[in-house]
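J.:
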Amino acid sequence: MMEKDARIYVAGHRGMVGSAVLRLLEARGHINRLSRTSKELDLRDGQLVEQWFEEARTEYVIIVAAKVGGIWANNTLPAEFIYDNLAIQTNLIHQAYRQRVRKRGRSCVLSGPMQQHRLLPTSGYRRLNRNL
110 MMEKDARIYV AGHRGMVGSA VLRLLEARGH INRLSRTSKE LDLRDGQLVE QWFEEARTEY
170 VIIVAAKVGG IWANNTLPAE FIYDNLAIQT NLIHQAYRQR VRKRGRSCVL SGPMQQHRLL
230 PTSGYRRLNR NL
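All residue numbers in the sequence shown are consecutive under this note's numbering, ending with 241.
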């Protein structure tokens, strides 16, 4: 159980899930809720993330941060989304480890039920499916 005065960082607090997490923490009486906008802290930049973690002395990290853009953007720029999201997750998890954060949490939110093949690159799956 997290102490009410524990320093809790919610990465991605402006998104749908992150804002709900922040409200829940507030409702449960947690007084040291930490958050930064993407303009204040670019989570893709490892050096900035390292510096912020050293200054913030975070005890808990809840990771719901991601670059999002909807179906069209994800299909148009898939490599950019993958690269940016891997950088965000890697930087946060690495600094949480280095700074000896007590607990880390993360999530993945999808718009609804999804068949496993939908997670595969579209063109590759279609080619494979046609050739079977």
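Idealized CB from N, CA, C, for every residue including glycine. Predicted model only: the values in this text are computed from it and were never measured.
(1) Roughly how many angstroms lie between the CA atoms of D193 and L157, to the nearest whole one?
(2) So, under 8 Å CB-CB, Y169 and K113 are touching, yes? Tell me the CB distance rounded to an integer number of Å.
(3) With burial defined as no fewer than 16 other Cβ atoms inside 10 Å of the residue's Cβ, what is the status of L133: buried or exposed?
(4) Between L186, L131 and A165, which has its C-alpha nearest A174's C-alpha?
(5) Please say whether S147 and H122 have beta carbons closer to each other than 8 Å?
(6) Evaluate T185 with the Cβ neighbour count: other Cβ atoms within 10 Å of its Cβ, from every protein chain shown; 16 or more gives buried, anything less gives exposed.
T.: According to the data block:
(1) 15 Å
(2) Actually they do not touch by this definition, with Cβ atoms about 12 Å apart.
(3) exposed
(4) L131
(5) no
(6) exposed
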